[in-house]
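Chains A and B, in that order, give the protein sequences. Per the working numbering, the first sequence starts with residue 527, numbered consecutively. Per the working numbering, the second sequence starts with residue 151, numbered consecutively. Don't be surprised by glycine CBs; every beta carbon is placed ideally from N, CA and C. All of these numbers come straight from a predicted model, not from anything done at the bench.
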Amino acid sequence: MAAREMTQNDLSQLGEVFLQHVQNIPGGEKIKLCIQCGTCSGSCPTSYAMDYTPREIIASLRAGQLDKVLMSNTVWLCASCYHCTVRCPSGIKLTDIMYELKRLGIEYGLYVQGGTTPTLSTTFLDIVNRYGRGFEAELLARLYLRTNPLKLLDLAPLGLKLLRHGRLPLRPERIKAAQDLARMLQYVQESEVT
Amino acid sequence: MRYLYYPGCSPKTSNKAYDLSARAVGQALGCELVELEDWNCCGATAYMSVRELSAFVIASRNLALAEQRGGGDMVTVCSACLTVLNKAHRYMAESPDLRKTIGEALAVVGLEYHNGSRARHFLDILVNEVGLETIADRAVNSLAGLRVAPYYGCQMSRPYGDFDDQEFPTSMDCLFTRLGADVVTFPLKAHCCGGMLMSTNEEIALRLVQDLLACATEYGAQVMATVCPLCHINLEAYQDKVNAYFGSHYALPIVYFTQLVGVALGLSKKELGLGMELVPTQEVFASYKLAA
Numbered sequence: 527m528a529a530r531e532m533t534q535n536d537l538s539q540l541g542e543v544f545l546q547h548v549q550n551i552p553g554g555e556k557i558k559l560c561i562q563c564g565t566c567s568g569s570c571p572t573s574y575a576m577d578y579t580p581r582e583i584i585a586s587l588r589a590g591q592l593d594k595v596l597m598s599n600t601v602w603l604c605a606s607c608y609h610c611t612v613r614c615p616s617g618i619k620l621t622d623i624m625y626e627l628k629r630l631g632i633e634y635g636l637y638v639q640g641g642t643t644p645t646l647s648t649t650f651l652d653i654v655n656r657y658g659r660g661f662e663a664e665l666l667a668r669l670y671l672r673t674n675p676l677k678l679l680d681l682a683p684l685g686l687k688l689l690r691h692g693r694l695p696l697r698p699e700r701i702k703a704a705q706d707l708a709r710m711l712q713y714v715q716e717s718e719v720t
Numbered sequence: 151m152r153y154l155y156y157p158g159c160s161p162k163t164s165n166k167a168y169d170l171s172a173r174a175v176g177q178a179l180g181c182e183l184v185e186l187e188d189w190n191c192c193g194a195t196a197y198m199s200v201r202e203l204s205a206f207v208i209a210s211r212n213l214a215l216a217e218q219r220g221g222g223d224m225v226t227v228c229s230a231c232l233t234v235l236n237k238a239h240r241y242m243a244e245s246p247d248l249r250k251t252i253g254e255a256l257a258v259v260g261l262e263y264h265n266g267s268r269a270r271h272f273l274d275i276l277v278n279e280v281g282l283e284t285i286a287d288r289a290v291n292s293l294a295g296l297r298v299a300p301y302y303g304c305q306m307s308r309p310y311g312d313f314d315d316q317e318f319p320t321s322m323d324c325l326f327t328r329l330g331a332d333v334v335t336f337p338l339k340a341h342c343c344g345g346m347l348m349s350t351n352e353e354i355a356l357r358l359v360q361d362l363l364a365c366a367t368e369y370g371a372q373v374m375a376t377v378c379p380l381c382h383i384n385l386e387a388y389q390d391k392v393n394a395y396f397g398s399h400y401a402l403p404i405v406y407f408t409q410l411v412g413v414a415l416g417l418s419k420k421e422l423g424l425g426m427e428l429v430p431t432q433e434v435f436a437s438y439k440l441a442a
């Protein structure tokens, strides 16, 4: 998905859209109860590598600077371990918030271009929509061709080992009802637009 | 006992031995796993990162198919599938708007979902339905002397903790202790393996895996048991990369928990998919009598 120019209007709407979406998540309204204690950041296995820690995400939202978080590496380093979610004393579902920020970033084109994780996610979606199942060989091939082709060479020995052990199918498994899946997805996409 | 079974994409491909050993262990314990016909990918963490409603829709198609087939509990061996399917199940129960939209999408293809099915992890089924006593009664090999590190990772019990503690799960500890094993202390047993970050931010994921291998080794583990195919790949297939990156020499066999139960039950190597692993297990399993 290509990035598009952000107008000032888009930017000022960003926080609002985000809050609206988050409040649609069951229990999402608890985001307002953040006490900035930092339990989320302390529990996060990857916060040490993040430009902004999970706690700072909510601080930045309050400061009207969510776009900075989106343009950083922060949300795409969330591995969905849910440690923050189960430990938050205010009951904030931080992992769901991370998902929402990822979606918002993709929707507004606000993510580091060439970043590997957004590419992985959108490619994964494309594969599942087509076959109804995941397909690791194609996923990784497309991911690295688009982001870092040399990585394919680096991973070749592992790929060969998996192949020799019967663990790397080179053809996708497809579901019979792929058409059904497509029709359901078309329905939700149309209902999201209206 | 018969359960609908949702294998998930990974146990059908790169973690085939997990699917094989789960079915074989189920059968040996009188708990047949019947594959849900024409199931689709649950969406995992990646789909949810791009589209929310669509992610819930593809997950709920599986729940609806399960309900159509009689409903109740659907068994999975993948922690990510477990969390994604049950998240869809729970959020639909909690949000009438979501239920309505997803219901409409399902209706387009003649499906319905009335919250009558949910996912359960196979470990939950073995420990809490089949029961430790039944499993121990059927065991032909004692695991005595085998030092096992049970690794639970994240999504088996987080966020929901339906059958085990969110911070310090113990189901496998109890299971393997009952089968005679010497379960080692493993403080990092519910820490993160890096998940999908192994494909996108390798250095970070390698570091997390290295922490796990170092901790298990330090406490004397001879083998680590996993409950999730993604954890398994990171710990097992990427062990060489960890060694190359950190200059370490780990050669810790990683097995699916079902393979270890299968060894106790004396099932054959073929049934358990032993031989498909990249870190050899011959040495740790050499003394056990397995079916031909």
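Can a CB atom of chain A be found closer than 8 Å to the CB of Glu262(B)?
No, no contact with chain A.
Classify Gln562(A) as buried or exposed, calling it buried when 16 or more other Cβ atoms lie within 10 Å of its own Cβ.
That one is exposed.
Could you work out which residue in Leu356(B), Gln389(B), Tyr302(B) is closest to Val377(B) when comparing CA atoms only?
Checking every option, the nearest Cα to that of Val377(B) belongs to Tyr302(B).
Is Asn599(A) closer than 8 Å to Val654(A) when the C-beta atoms are compared?
Contact: no.
Report the start-end ranges of each beta strand (DSSP E) in the stretch 373 to 417 of chain B that is 3 residues or longer and not cut off at the edges.
Counting only runs of 3 or more, we get 373 to 376, 404 to 406.
Between Ala529(A) and the rest of its own chain, which residues show a CB-CB distance below 7 Å, the 5 nearest in sequence each way excluded?
Bear in mind that a pLDDT of 46 at Ala529(A), under 50, signals an unreliable position, so the number given afterwards is only what the model happens to contain. For Ala529(A), where only same-chain residues beyond five positions count, the Cβ hits under 7 Å are Gly635, Gln639.
For Arg700(A), which three-state DSSP category applies?
Of the three classes helix, strand and coil, the one that applies to Arg700(A) here is coil, per DSSP.
Contact criterion: CB-CB distance below 8 Å. Does Ile208(B) meet it with respect to chain A?
It does; some Cβ of chain A falls within 8 Å.
When the Cα atoms are used, what is the spatial distance from His547(A) to Ser538(A)?
Approximately 15 Å between the Cα atoms of the pair.
So Thr251(B) contacts chain A; which residues on that side make the cut at Cβ distance below 7 Å?
Near Thr251(B) (Cβ distances below 7 Å), the residues of chain A are Val714, Ser717.
Under 6 Å Cβ to Cβ from Leu707(A), same chain only, skipping five residues before and after it: list those, please.
Only Gly658 meet the Cβ criterion.
Go through its chain and collect everything with a Cβ distance to Gly590(A)'s Cβ below 7 Å, but skip five positions before and after it.
Only Gly541 meet the Cβ criterion.
According to the neighbour-count rule (16 or more other Cβ atoms, all chains shown, within 10 Å of its Cβ), is Gln432(B) buried or exposed?
The residue in question, Gln432(B), is exposed, as its Cβ has fewer than 16 Cβ neighbours within 10 Å.
Given this structure, state the Cα-to-Cα distance separating Asn212(B) from Lys250(B), to the nearest angstrom.
Roughly 17 Å between the two C-alpha positions.
Excluding the 5 residues preceding and the 5 following Ala286(B) in the sequence, name in chain order all residues of the same chain whose CB lies nearer than 7 Å to its CB.
Once the five neighbours on either side are set aside, the close Cβ partners of Ala286(B) are Arg328, Leu329.
Can you find at least 3 beta carbon pairs, one from the stretch 341 to 361 of chain B and one from the stretch 591 to 610 of chain A, that sit closer than 8 Å?
These segments touch.
So, is the C-beta of Val259(B) closer than 8 Å to a C-beta in chain D?
The displayed structure is made up of protein chains A and B, and chain D is not among them.
Taking 6 Å as the limit between beta carbons, can you name the residues of its chain near Glu699(A), skipping five residues before and five after?
Excluding sequence neighbours, Glu699(A) sits near Arg659.
Report, in whole angstroms, the separation of the C-beta atoms of Tyr310(B) and Asn236(B), which I expect to be a contact under 8 Å.
Yes, they are in contact, since the Cβ atoms of Tyr310(B) and Asn236(B) sit about 6 Å apart, within 8 Å.
Any heavy atom of the ligand FAD closer than 7 Å to the beta-carbon of Arg288(B)?
In terms of ligand content, the structure shown is empty, and the ligand FAD therefore cannot be addressed.
Could you give the DSSP three-state label for Val429(B): helix, strand or coil?
Three-state result, Val429(B): coil.
Check the Cβ of Ile354(B) against every Cβ in chain A and list those closer than 8 Å, keeping chain order.
Correct list: Thr572, Ala575, Leu603.
Pull up the DSSP beta-bridge partners for Gly222(B), would you.
Paired residues: Ser267(B).
Quick check on Tyr168(B): does DSSP put it in helix, strand or coil?
Helix, per DSSP.
Using a Cβ-Cβ cut-off of 8 Å, state whether Tyr155(B) counts as contacting chain A.
It does not; no Cβ of chain A falls within 8 Å.
In terms of alpha-carbon separation, which member of Met322(B), Arg270(B), Leu358(B), Gln409(B) lies closest to Tyr574(A)?
Checking every option, the nearest Cα to that of Tyr574(A) belongs to Leu358(B).
According to the neighbour-count rule (16 or more other Cβ atoms, all chains shown, within 10 Å of its Cβ), is Ile623(A) buried or exposed?
Buried: at least 16 other Cβ atoms inside 10 Å.
Quick one: which unbroken alpha helix (DSSP H) runs of 4-plus residues sit fully inside the stretch 181 to 264 of chain B? Chain order, please.
If we require 4 residues or more, the alpha helix (DSSP H) runs fully inside the stretch 181 to 264 of chain B come out as 194 to 198, 202 to 218, 229 to 244, 246 to 258.
Could you work out which residues of chain B lie near Ala703(A), taking near to mean beta carbons separated by less than 7 Å?
The answer, in chain order, is Asp188.
How far does the alpha helix (DSSP H) with Tyr625(A) in it reach, from first residue to last?
That run of the alpha helix (DSSP H) goes 620 to 634.
When the Cα of Leu203(B) is compared with those of Val175(B), Ala238(B), Thr226(B), Cys228(B), which residue comes out closest?
Selected option, being the one with the closest Cα: Ala238(B).
Span of the alpha helix (DSSP H) holding Pro300(B)?
Taken as a continuous stretch (DSSP letters only), Pro300(B) belongs to no alpha helix (DSSP H), being part of the beta strand (DSSP E) at 297 to 300.
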